[in-house]
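> Note that the protein sequences, when read in sequence, are chains A and B.
With the UniProt record's numbering applied, the first sequence corresponds to residues 1 to 194, in that order.
With the UniProt record's numbering applied, the second sequence corresponds to residues 1 to 194, in that order.
Heads up, the beta-carbon is just placed ideally off N, CA and C, and yes, glycines get one too.
Protein chains: 2
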Amino acid sequence: MSGFDVGGRLRALRIERDLSQRELAKRANVTNSTISLIEQNSVSPSVSSLKKILDALPVSISEFFAGEPSQEEPKVFYRAEELTDIGDGQLSWRLIGARRPGRSMSILHERYPPGADTGETMLEHDGEEGGVIVSGTIELTVGNEVQQLGTGDAYYFDSRLPHRFRNVGDRECVIVSANTPPSFSDGGDACHHV
Amino acid sequence: MSGFDVGGRLRALRIERDLSQRELAKRANVTNSTISLIEQNSVSPSVSSLKKILDALPVSISEFFAGEPSQEEPKVFYRAEELTDIGDGQLSWRLIGARRPGRSMSILHERYPPGADTGETMLEHDGEEGGVIVSGTIELTVGNEVQQLGTGDAYYFDSRLPHRFRNVGDRECVIVSANTPPSFSDGGDACHHV
DNA sequence: GGTCCTTGTTCAAGATCCTGGACACATGAT
DNA sequence: ATCATGTGTCCAGGATCTTGAACAAGGACC
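#1: So for Thr34 of chain B, helix, strand or coil by DSSP?
#2: So the alpha helix (DSSP H) Phe4 of chain A belongs to, where does it begin and stop?
#3: Starting from the C-beta of Val59 of chain B, find all residues in its chain whose C-beta is less than 8 Å away, skip the five residues before and the five after it, and write them out in chain order.
#4: Rounded to the nearest angstrom, what separates Cys173 of chain B and Arg11 of chain B at their Cα positions?
#5: Please report whether the beta-carbon of Phe65 of chain A lies at a distance below 8 Å from any beta-carbon of chain B.
#6: Check whether the Cβ of Phe157 of chain B lies closer than 8 Å to any Cβ atom in chain A.
#7: So is Val168 of chain B buried or exposed if we call it buried at 16+ other beta carbons inside 10 Å?
#8: Let me know the secondary structure DSSP gives Arg166 of chain A once reduced to three states.
#9: Identify the continuous alpha helix (DSSP H) that holds residue 196 of chain A and give its terminal residues.
#10: Is the beta carbon of Pro114 of chain B less than 8 Å from the beta carbon of Asp170 of chain B?
#11: Whole angstroms is fine: what's the gap from Thr31 of chain B's alpha carbon to Arg9 of chain B's?
#12: Exposed or buried, what is Arg27 of chain A when buried is set at 16 or more other beta-carbons lying within 10 Å of its beta-carbon?
#13: Rounded to whole angstroms, what is the Cα-Cα separation between Lys51 of chain A and Ile15 of chain A?
#14: Report yes or no: do three or more beta-carbon pairs, one from the region 131 to 140 of chain A and one from the region 153 to 162 of chain A, lie closer than 8 Å?
#15: Pop quiz: Phe65 of chain B and Ile61 of chain A are said to be a contact at Cβ under 8 Å. What is the actual Cβ separation, rounded to whole angstroms?
#16: List the residues that DSSP assigns as beta-bridge partners of Gln147 of chain A.
#17: To the nearest angstrom, how far is the alpha carbon of Ser46 of chain B from that of Ser20 of chain B?
#18: How would you list, in chain order, the residues of chain B whose beta-carbon sits under 8 Å from the beta-carbon of Pro45 of chain A?
#19: Indicate whether at least one CB of chain A lies closer than 8 Å to the CB of Phe4 of chain B.
#20: So, at 8 Å on beta carbons, what are the nonlocal neighbours of Asp18 of chain A in its own chain, with the 5 sequence-adjacent residues on each side left out?
#21: What residue range does the beta strand (DSSP E) around Ala154 of chain B cover?
#22: For Ile175 of chain B, which beta-bridge partners are listed by DSSP?
#23: Between B:Leu108, B:Ala116, B:Leu149, B:Glu145, which lies nearest to Glu129 of chain B when the distance is taken from Cα to Cα?
#24: Once you ignore the five residues that flank Gly131 of chain A on each side, which residues in its own chain have a CB closer than 7 Å to its CB?
#25: Kindly list, in the order they appear in chain B, the residues whose Cβ is closer than 8 Å to that of Leu50 of chain A.
#26: Does DSSP classify Ala116 of chain A as helix, strand or coil?
#27: Is Ile61 of chain B close to chain A, meaning its C-beta is less than 8 Å from at least one C-beta of that chain?
#28: Is the CB-CB distance between residue 201 of chain A and Val146 of chain A below 8 Å?
#29: Check whether the Cβ atoms of Asn29 of chain B and Val6 of chain B sit closer than 8 Å, and answer yes or no.
#30: Alpha carbon to alpha carbon, how far is Arg160 of chain B from Tyr78 of chain B? Give it in angstroms, no decimals.
#31: Taking just the CA atoms, how far does Leu37 of chain B sit from Leu24 of chain B?
And the structure:
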């Protein structure tokens, strides 16, 4: 789930340099226990501790995490469970892929529980947005128009027009949407449950 | 000293996305206090916390630390206080620059207190090494030969020959040395104080 | 002026990490 | 065999990080 095996990588680097836990610990000014626990992923070290240890190897922090996915080549396929959820518990907003320089769009998998509402104060921000209602129904207000959209319906508008999403039904509503430019956190597409 | 302003970078990323501490906290499943304290560098977060927060931005950990020095352009100048010390308290071994792929040498600034000794079991490892005695005297054994080297003297040998350093004088001995390939921790250039 | 909301900071209590010392298991020397 | 040394793991206590709730400062609105 974490997506990065801190302990395993540290152990690999240590073995590579033919150091014992105690030897490395001495150079890093930590104890051997610390290194043992970290290598077993029994604890998640503080970055200050991790830095002390890496300095003693020596390996820079950026080198250490360089193997992290999602950086080099743009990812193409995403499993449902690896989408980062930026919701608040009630609401679920899953972003398809991390925001990445060079990407001109943000795609979201949104789930509005009954009663969910983006708020009375209308949203306004730069860019454009569009989406498809996958299941359930949603009340969408754009400018002066209010529409009830159901499964299979869709929308597309200039985000500078004041807009608001509201699930007035009694079932969950699922939407897949896209925004451009990629600022899903455009000053308040936050959602309030009422 | 740390060389990387975690708090400042986090704050910059958050502001960039126009999020409040509370908003980000909610998405990351941490509290606003945590983010406040981290941003002020009042604490050094655990990597698990940091990862939760970065996931909510979303920014990958490697991106976060990508600004770290010592990665992109090779560093050229090093202040004495920024050399990483890999000694054990008694002994001081300062490495000139972090080990870096593409570097074929490790350069060390070594300080042997009186009585310091690399141990009776001779060191043997791949590569070559050479150095200059900057001050004090050192007894260097290489193969069958034993030599007393003083200030200004120097040495160079194939590291596969068994070798040993010993400070038999009563003053500290300072040496600047170079190893190739860059594996200063080659199975035991560790130093024991006797 | 009020009141309301949002912002960032601070503080005690709880959770997690880190330490220092044990422990069990190896290997090599006597 | 018994030491002696080196390895990684485990455990109580202390140090550090994280939480939840308070606080003060700044708008917005009436």
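Looking at the coordinates:
#1: Assignment of Thr34 of chain B by DSSP, reduced to helix, strand and coil, places it in the helix class.
#2: Phe4 of chain A -> no alpha helix (DSSP H), and no H or E assigned at all.
#3: Leu13
#4: 47 Å
#5: So yes, Phe65 of chain A belongs to the interface.
#6: Under the Cβ distance rule, Phe157 of chain B does not count among the residues neighbouring chain A, no pair being separated by less than 8 Å.
#7: Under a 10 Å Cβ-count criterion, Val168 of chain B is classified as exposed, with fewer than 16 other Cβ atoms of the shown protein chains found around its own Cβ.
#8: Strand, per DSSP.
#9: The question about residue 196 of chain A has no answer, for chain A in this structure spans 1 to 194.
#10: yes
#11: 18 Å
#12: By the Cβ-count criterion, Arg27 of chain A is buried, with 16 or more other Cβ atoms from all chains shown falling within 10 Å of its own Cβ.
#13: 18 Å
#14: yes
#15: 5 Å
#16: A:Leu140
#17: 21 Å
#18: Ser46, Val47
#19: Yes - at least one Cβ of chain A is within 8 Å of the one on Phe4 of chain B.
#20: none
#21: 154 to 158
#22: B:Glu110, B:Ile133
#23: B:Leu108
#24: Around Gly131 of chain A: Ala154, Tyr155, Ile175, Val176, Ser177, Ala178.
#25: Val47
#26: strand
#27: yes
#28: The requested residue 201 of chain A is not part of the displayed model; chain A covers only 1 to 194.
#29: no
#30: Note that Tyr78 of chain B has pLDDT 48, beneath the 50 cutoff, so the model's placement of it is unreliable and the number below is only indicative. Going from the Cα of Tyr78 of chain B to the Cα of Arg160 of chain B covers about 30 Å.
#31: 14 Å
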